[in-house]
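Numbering (our numbering), first residue to last: 208 to 285. To start, the structure under review is shown below, and the notes come after it.
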Amino acid sequence: MKFTFHATMCAPDQYLPLAKAVEDAGFDGFTFPDSICYPQEGSDVYPYNDDGTRDFLDGVPFLEPFVAIPYLAAHTPK
């Protein structure tokens, strides 16, 4: 069995140290969210919190995964 670590809502400067720690801990993979943005307004209620809003995403940086993943791969041996 293989195990993958999924990083989400991490500060951009923490992804590389986190990826190295994840690899050192024996995980087989490191994944990113595939969203690079979110809608400011929507007709749907967000089902995963009490008030139905996505306010918790305000100000959260979204990294472009096709740039960030190769960067991390270049700096980790596995």
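We put the beta carbon where it would ideally sit given N, CA and C, even for glycine.
N-terminal and C-terminal residue of the alpha helix (DSSP H) that residue i is part of
i, result
"residue 273", "272-281"
Proximity of residue i and residue j at Cβ, strictly below 8 Å
i, j, result
"residue 283", "residue 226", "yes"
"residue 176", "residue 241", "No answer is possible for residue 176: the residues shown for the chain start at 208 and end at 285."
"residue 245", "residue 264", "yes"
"residue 237", "residue 279", "yes"
Separation of residue j from residue i, as counted between CA atoms
i, j, result
"residue 304", "residue 266", "No answer is possible for residue 304: the residues shown for the chain start at 208 and end at 285."
"residue 285", "residue 212", "14 Å"
"residue 275", "residue 233", "21 Å"
"residue 250", "residue 257", "16 Å"
"residue 341", "residue 277", "Outside the shown range of the chain, which is 208 to 285, sits residue 341, and nothing can be said about it."
Range of the contiguous beta strand (DSSP E) that encloses residue i
i, result
"residue 238", "236-238"
"residue 212", "211-213"
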